[in-house]
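Q: Residues in the sequence shown are numbered consecutively from 18, following the numbering used here. Idealized CB from N, CA, C, for every residue including glycine. If you're wondering where the values come from, they're calculated on a predicted model, not measured in any experiment.
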Amino acid sequence: MIELRELTKRYGDRVAVDGLSVRVQPGVVTGFLGPNGSGKSTTMRMILGLDAPDRGEALIGGVRYRDLNWPLKAVGALLDAGAFHPGRSARAHLTALAASNDIPGSRVEQALRLVGLSDAATRRAGTYSLGMRQRLGVAVALLGDPGVLLLDEPVNGLDPEGIRWIRDLLRGLAAEGRTVFVSSHLIAEMALTADRLVVIGRGRLLAETTVAELAADDDSLEDAFLRLTSQATDHRGVGAS
Ligand SMILES: Nc1ncnc2c1ncn2[C@@H]1O[C@H](COP(=O)(O)OP(=O)(O)OP(=O)(O)O)[C@@H](O)[C@H]1O
Ligand SMILES: [Mg+2]
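1) Using a Cβ-Cβ cut-off of 6 angstroms (strictly less than) and excluding sequence neighbours within five positions of V255, which residues of its own chain qualify?
2) Let me know the secondary structure DSSP gives S201 once reduced to three states.
3) Is the distance from the Cβ of D35 to the Cβ of G220 below 9 angstroms?
4) Classify A138 as helix, strand or coil using the three-state DSSP reduction.
5) Taking 8 angstroms as the cut-off, is the CB of D169 close to at least one heavy atom of ligand 2?
6) Counting C-beta neighbours from all protein chains within 10 Å, is the total for L209 16 or more, i.e. buried, or is it exposed?
7) For S146, does the count of other Cβ atoms within 10 angstroms reach 16, so buried, or fall short, so exposed?
8) Could you tell me whether the segment 25 to 34 touches the segment 179 to 193, where touching means 3 or more Cβ pairs closer than 8 angstroms?
9) Output the distance between the C-alpha atoms of S258 and V155, rounded to the nearest integer angstrom.
10) If you follow the beta strand (DSSP E) that A69 is in, where does it begin and where does it stop?
11) Answer yes or no: do L21 and S38 have a C-beta to C-beta separation smaller than 9 angstroms?
12) Find the nearest neighbour of L175 within the set I183, S55, D169, judged by alpha-carbon distance.
So this is what it looks like as structure tokens:
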């Protein structure tokens with residue numbers, strides 16, 4: 018489980034994340050939905066200890082990221098595809114990560130297979146297409162067999178086959194009992210992937226709901242999403258610009 022308690026982040030006088038309290042449960046895919054600039058990536062960076070909150074905290078299975086003994090075995094994350102040494106092959110990259118994180122070497126071939134990169138495993142990552150780099154990023158996230166997965170806009174840059182692949186993968190991981198938290202600014206994509214939705218606007222929680230509940234009051238999911246998020250822009254918080 019991921020628990021956010023009053024999580025808050027400011028950049029200058031801009032509030033990027035504003036008192037966000039949410040519990041993300043295992044066993045389902047939870048979509049983290051909000052317009053561009055609403056604070057999704059900032060929230061995910063704080064969960065992973067890459068950004069320090071100004072107030073509040075983010076807990077993974079009850080502890081902060083920095084207090085995890087072997088982080089890669091507890092939480093797998095895909096934030097930025099392409100953050101690899103371009104000269105290293107996928108296999109070399111994963112093998113080095115496994116060695117330094119107390120992960121058995123046998124997981125490397127499993128992770129490569131899970132993301133469909135076995136045949137390209139010896140090629141230098143610098144020669145990979147965007148979709149292949151995305152798959153390598155997912156392999157890194159899965160390497161430690163973690164119970165919690167965090168993915169920031171994983172469908173960006175993927176073709177329809179890749180989008181379907183990642184959708185099925187995430188649903189399968191949730192069905193195994195893992196906590197899967199995946200962000201998107203596209204309600205249509207989330208409607209196909211997520212069971213539950215956490216909707217934010219301007220860093221604030223707007224709704225914790227399901228796709229069915231969200232669609233119930235409007236003609237379309239897009240309308241429902243726009244109605245929700247326009248509320249956030251109508252009630253601008255102090256300091257927001
Ligand atoms: N390093 C930073 N310095 C200053 N402002 C930042 C920084 N990172 C994010 N912000 C601001 O915080 C707000 C939230 O940004 P964030 O990237 O978290 O949004 P997002 O929901 O991930 O958007 P997108 O859908 O475009 O990825 C924005 O106003 C952004 O300009
Ligand atoms: Mg983002």
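A: According to the data block:
1) Position 238 of the sequence shown, counted from the first residue, corresponds to residue 255. Note that V255 scores a pLDDT of 44, beneath 50, so its modelled location is shaky; the value from the coordinates is reported in the next line. There are no such residues.
2) Here residue 201 refers to the residue found at position 184 of the sequence shown. It is a strand residue.
3) Translated into positions along the sequence shown, residue 35 becomes position 18. Translated into positions along the sequence shown, residue 220 becomes position 203. Going by C-beta atoms, D35 is nearer than 9 angstroms to G220.
4) Position 121 of the sequence shown, counting from 1, holds the residue named residue 138. In this structure, A138 counts as coil in the three-state DSSP scheme.
5) Within the sequence shown, the letter at position 152 stands for residue 169. Checking every heavy atom of ligand 2 against the Cβ of D169, one is found closer than 8 angstroms.
6) Here residue 209 refers to the residue found at position 192 when the sequence shown is read from its first residue. So L209 ends up on the exposed side.
7) Here residue 146 corresponds to residue number 129 of the sequence shown, with the count starting at 1. Exposed.
8) no
9) Here residue 258 refers to the residue found at position 241 of the sequence shown. Here residue 155 refers to the residue found at position 138 of the sequence shown. At S258, the pLDDT of 43 sits below 50, so the modelled position is not reliable and the matter cannot be decided from this model.
10) As a first step, residue 69 is located in the sequence shown; it is residue number 52 there, counting from the start. Where A69 is concerned, there is no enclosing beta strand (DSSP E), given that its DSSP letter is neither H nor E.
11) By 1-based counting over the sequence shown, the position of residue 21 is 4. By 1-based counting over the sequence shown, the position of residue 38 is 21. Result yes, Cβ atoms of L21 and S38 sit closer than 9 angstroms.
12) Here residue 175 corresponds to residue number 158 of the sequence shown, with the count starting at 1. Among I183, S55, D169, the Cα nearest to that of L175 is on I183.
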